[in-house]
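Chains as they are written, first to last, in my numbering: chain A, 30 to 320; chain B, 682 to 1001; chain C, 84 to 325.
Heads up, the thing below is written out as structure tokens.
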Amino acid sequence: MIFSFQLLFEAILFGILLGCFYAAVSIGLSVAFGLLDVPHVAHPAVLILGAYCTYLLGSYGWDPIVAGLALMPLFFLFGIALYRFYYETFEKRGTDAGVRGLAFFFGIAFIIEVGLILAFGVDQRLVEAEYIGKSLSFGEMRIPLRMLLAFAIALVLTAALTLYLSKTFTGRAIKAVAQDEAALRLMGADPVRIKQWAFGIATGVTALTGALLIIIGPVEPMLDRVYIGRTFCVVVLAGLGSMTGTLAAGLILGISESIVLMHFGASWAPAVAFGLLLVVLGIRPQGLFGR
Amino acid sequence: MRRLASPFGIGAAATVVLAGVLALGGANEYFFFAGYVVLQFVVLATAWNILGGYAGYVNFGTAAFFGIGAYTSVLLFKSLGAPLLVQMAAAAVVTGLLGFGTGLLTLRLRGIFYSIATVAVIFIAETLMINWRYVGGATGLQLLRPAPMLPFETYTRMLFFIMAVVAVLAVAIARYIEISWIGRGLRALRDTEEAAECSGVPTLRLKLLACTISGALMGVAGAPLPMYLSFLEPASSFSLNYSVVALAGAIIGGTAHWLGPVLGAILLASMQQIVTVTISSEMNVLVVGVMLVVFVVAAPDGILGLIRKLRRPRAAAGKP
Amino acid sequence: MSETLLRVAQVSKHFGGFNALSEVSIEIAQGERFGLIGPNGSGKTTLINCISGSLRNDGGSIVFDGHEISGLPAFERTRLGIARSFQIPRPFSSMSVLENLLVPLEYVVHRRSMHAADTRAEAMQILESMSLADKADTPSNRLTQVELRKLELARAMAARPRLLISDEAMAGLSSTEVEEVLAILRKLNASGITVIMIEHIMRAVMGFSQRVICLDAGRIICEGTPESIVRDPEVQKAYLGA
């Protein structure tokens, strides 16, 4: 292996683009698990579901980004229904929500995964759009346009959600529900409805990021497994529920993965997120930006 | 309890004898081929339940322990030509230590962190094996089985008998933990960790113990896999399906009693054999997923809980 | 006064930037009935969490019966003789009332050395002294509030403590129920057990304690006999916000 600054520079640049994308796909989980404390291990499966729905609309000639945006309200409702169901069956009854809640979401993830296999087969699927094949050249470097696009949308999305959570009344209520449910109840707000709304938003956002996923590269039904590592790594590294932390953690993961990818090969890349996750859990489980 | 002739002891001995008689005299070779898999899942579900059911820590990483057990065997077989029983013992040590390590890393944290960490262990282990040429890399390794030990006619029959013994042992260990002071401590910390600690229960130590035993048993279940298949490759050895079936078997059967995982695993694994042959393996995983969700939602105490309700309808419907 | 059982010296605890306890020092004598009062959020529960080991103190030392315990995990402190009840009852909800008591009996008192039948008999005895015997086989998640409070105390007693910390064992109970719990605590104290009582019900804590400390914002603002405490202007300010 020859060390070269050119390669390292490219790896870092690519890592930054990838990292913003990872932050974007994790942001739904950051809300659902980080803020609402729902053990949403099915988040990556919902992400892949979003990618496949985009693929489906794409086969009718929809642009993937338009498709992603159009799917958001649908996923928003799906998220509300999912949370409501989770709340009624597990959180409300209180006892043993831990084991059964986890098993529930694990089961949901499997149903989505196998459902996709039955509907679309195990082959990789991709979408077509004008911007997907092209790339921009900067000197010797070529940056794929789709990466830049995903990068831009990821940034906008993260910024929008951060603003929403800190500037709007509902957003602040969502953050408050994470900290002190009783206080919120005293203020006359219904914590369950707020959580439900927040979970809906988290799921809606995941539809759009699912579209980004299939823009960046082909997807297959079992891709959610790798994304369990990536999304949880980002959310834990970020410190639960921190939006700016999510962006920073995404960048750390993206850059690490891209360096490993360029220097050690693709077969090592999937382990980066999981390895990083284990290290964080062992050393600093409250995350880099947590309390 | 200490008497050898307890009903459980008799049942356990009878199971081993029955397995032995079948393996020596039974007719259909496919029965042993399929029966081995069912027994393997009995071990996995029972092992899962020691930590997941009694202590309430959900392990998604059964596949990691199972797969590493299998790879320990391959490594020993290829390098030293070690016999099967040595392979199995080594697998128990390696995966027991792995369980201990994973536990040490995450059991101080909330339950979900342990669960996610176990998923991480699957992927890291799989990636390591993919990149390790000696044990076959991504394409896997073909293995030549030695002759079966006497008095068994075929290797599959021998493996069937060995797995039956392992299953009986696993259940006996799980049952011992359940009815002893260890089990009471695990249940106490599952209900409320802080109060358990304040009642004198060394919660971290007990969790680590459960984690180690559970991991070791999963490794033993995986150890004969290379010989069973005469082949080993990473993708199928670390398949998340092992994790799902172990977890679903225990939850569907009922986690409170050692019999639950046994029932659940036999049910799921038999179904798996039938559905995979008659319909498709995807459909089979789908059925397991749907059953898991239906049970955690509608019958959280599993089949055993349902039976208990049927037997004592008044007690269940009585007080709120 | 007889010899010191528990010595808390300059114990601090902070959560992030918030100082929950700043340099609190208390000495409690063997056999004493000790009251701990203070407004909500004043650090009472944090203090007993530091003593019982549910939290680790950031500074200072805690010496129990001659042992420095501030580094020990909670279960070892229980084995040394510190038991507590929880403000919000935390029964082992999958177990019956009797089984709840078997946990400390098996893990503290007998350490797997005794026969199951004897341990059960011992648990029954404790339940009888708490007048919970008729509930022995009831699942603990079907108890009423007062029964849950009594179970908390019974479970703590099953650890055979020398120091019992009762964290608001009477909150939400009727006045006859308060009397019932008070009588139990007096009986335990008479048998030689030192009791720290945290309580909001002034009548109860003042009637019970020989000595009282009032915490406010993580500091001790007043210490003395119940009579002197109620008259203290600092205490009145802390409670009434005047």
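Glycine included, each C-beta is placed from N, C-alpha and C at the ideal position.
Just so it is clear, the structure is predicted and the values come from calculations on it, not from any experiment.
Item	Value
The region 737-756 of chain B contacting the region 894-909 of chain B, beta-carbon criterion three pairs below 8 Å	yes
Counterpart residues of H150/C in DSSP-defined beta bridges	F147/C
Short CB-CB distance (under 8 Å) between A300/A and chain B	yes
Minimum Cβ-Cβ distance from S108/C to chain B less than 8 Å	no
Within 8 Å, strictly: CB atoms of T235/A and H72/A	yes
Residues that M285/C contacts on chain B, provided the C-beta gap is smaller than 9 Å	None at all; the shortest Cβ gap to chain B is about 27 Å.
Boundaries (first-last residue) of the beta strand (DSSP E) holding S105/C	101-112
Cβ-Cβ distance between L184/C and A157/C below 8 Å	no
Member of R886/B, T753/B, T799/B whose CA lies at the smallest distance from the CA of L310/A	T799/B
Close-in-space but distant-in-sequence residues of the same chain around G999/B (CB under 8 Å, 5 per side omitted)	Model confidence at G999/B stands at a pLDDT of 39, short of 50, so the residue's coordinates are unreliable; what they give is reported in the following sentence. Result list for G999/B: empty, nothing under 8 Å.
Residue-level contact to chain B via CB, E111/A, 8 Å cutoff	With the sequence shown as reference, residue 111/A is identified as Leu, and Glu is not the correct amino acid for it. So no, L111/A is outside the interface.
Closest Cα partner of A205/A within the set V54/A, D66/A, E249/A	D66/A
Residues within the region 775-787 of chain B neighbouring chain A, beta-carbon criterion of under 9 Å	T783, L785, L786, T787
T118/A: contacting residues in chain B (beta-carbon distance under 7 Å)	V978
S223/C and S176/C closer than 8 Å at C-beta	yes
Segment contact, 8 Å Cβ cut-off, at least three pairs: the region 904-912 of chain B with the region 751-771 of chain B	yes
Partner residues on chain B for R254/A, Cβ-Cβ distance less than 9 Å	V800, I803, F804, L921
Cβ pair count under 8 Å reaching 3, the region 834-846 of chain B against the region 708-726 of chain B	yes
Spatial distance of A996/B from E878/B (CA atoms)	Because A996/B carries a pLDDT of 48, less than 50, the predicted location of this residue cannot be relied on, and the following value inherits that uncertainty. Straight-line Cα distance between these residues: approximately 32 Å.
Residues from the region 270-303 of chain A in contact with chain B, defined by Cβ distance under 7 Å	S296, W297, P299, A300, F303
Contact under 8 Å by Cβ, A148/A with A74/A	no
Other residues of its chain near M101/A: CB distance less than 8 Å, five sequence neighbours each side excluded	G233, V234, A236, L237
Proximity test, Cβ basis, 8 Å: F135/A and chain B	yes
Neighbouring residues, chain C, relative to T873/B (Cβ below 9 Å)	F169, R173, P174, F175, S176
Cutoff 8 Å: F228/A Cβ touching any chain B Cβ	no
Per-residue burial, E159/A [other beta carbons within 10 Å of its own, 16 or more giving buried]	exposed
Residues, ordered as in the chain, of the region 825-836 of chain B that lie near chain A by beta-carbon distance below 9 Å	none
Where H97/C sits in the DSSP three-state scheme	strand
Below-8 Å beta-carbon distance, E230/C vs any chain B residue	no
Whole-angstrom distance between I312/C and I312/A, CA atom to CA atom	47 Å
Amino acids of chain B, ordered along the chain, whose beta-carbon sits closer than 7 Å to that of P314/A	L790, F794
Contact set between G970/B and chain A, taken where Cβ atoms lie within less than 7 Å	G136, F139, I140, V143
Where Q823/B falls: helix, strand or coil (DSSP)	strand
Cβ-based burial, R320/A [other Cβ within 10 Å; buried from 16]	Annotation note: pLDDT 48 at R320/A (below 50); position unreliable, coordinate value reported separately. Classification of R320/A: exposed, given that the 10 Å Cβ count is below 16.
Distance, R122/A Cα to L226/C Cα	17 Å
V882/B: contacting residues in chain C (beta-carbon distance under 7 Å)	F158, V186, Y190
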